[in-house]
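Peer 1: Numbering (my numbering), first residue to last: 3 to 232.
Next up is a structure, given as structure tokens.
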């Protein structure tokens, strides 16, 4: 191999690695028999994607969002995945969805509807997805909601101001606004979901999400480029 070509390839590789180090792994999905549509993530300029996180395919990331090391937001099978402003996706979180297309045929049973639009996963504003939690579409999470460590949300819709405590599992239900899901609870019927306790002034975690959002918005801001001398 000519020395000039080797140097060029080395430069390209170094630039690629530098790009990954600066913005994380952000890439389009690959075309497949179940989904021929190729999309590139749309990421707000104020969002921060950690170098060890991955954002792939049909994904929309809003303003001042922090995506932590080891997080995976994968809009390749289920499309689109939407994460609203000031939310956070913490270490080891997985956001994914069942296929929303079979070729050019849409699969509405694997989608949620928000303001007349279809999504695989829709996450509102000021939502916290704590370490190693999983949100698997079809799923919708309302504003100001906290999903605790190692919790699972699958085929489920959560209202606003909901707290899902660590290790809880929700499958195929709708949780009304202002409720909490006790730690390690398995919720698989609507009757169970309707019986979940209300968040009151006595609930110790009622203000937890507000503090978590404040911290992670600062982490997002800290990752923004600074002007020299400013």
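Even glycine gets a Cβ: it sits at the ideal position worked out from N, Cα and C.
Among the residues of its own chain, which have a CB less than 6 Å from the CB of residue 214, if the five just before and after it don't count?
Peer 2: Once the five neighbours on either side are set aside, the close Cβ partners of residue 214 are 130.
Peer 1: State buried or exposed for residue 138, treating a residue as buried only when at least 16 other CB atoms are found within 10 Å of its CB.
Peer 2: buried
Peer 1: What residue from 161, 135, 150 has the CA that sits closest to residue 143's CA?
Peer 2: 161
Peer 1: Quick check on residue 219: buried or exposed, where buried means 16 or more other Cβ atoms within 10 Å of its Cβ?
Peer 2: buried
Peer 1: Put residue 56 into one of helix, strand or coil per three-state DSSP.
Peer 2: strand
Peer 1: Just to confirm, is the Cβ distance from residue 124 to residue 165 under 8 Å?
Peer 2: no
Peer 1: Check residue 37 in the structure and name its three-state DSSP category.
Peer 2: strand
Peer 1: Taking a contact to mean a Cβ-Cβ separation below 8 Å, would you say residue 73 touches residue 49 in this structure?
Peer 2: no
Peer 1: Distance check for residue 52 and residue 70, CA to CA, integer angstroms please.
Peer 2: C-alpha separation (whole angstroms): 5 Å.
Peer 1: Give the secondary structure of residue 65 by DSSP, where H, G and I count as helix, E and B as strand, and everything else as coil.
Peer 2: coil
Peer 1: Residue 115 lies in the beta strand (DSSP E); which residues open and close that run?
Peer 2: Residue 115 -> beta strand (DSSP E) spans 114-116.
Peer 1: Look up residue 158 in the DSSP assignment and say whether it is helix, strand or coil.
Peer 2: The answer is strand: DSSP assigns residue 158 an E or B state.
Peer 1: Assuming residue 79 and residue 101 are in contact, meaning their beta carbons sit under 8 Å apart, how far apart are those beta carbons, in whole angstroms?
Peer 2: 5 Å
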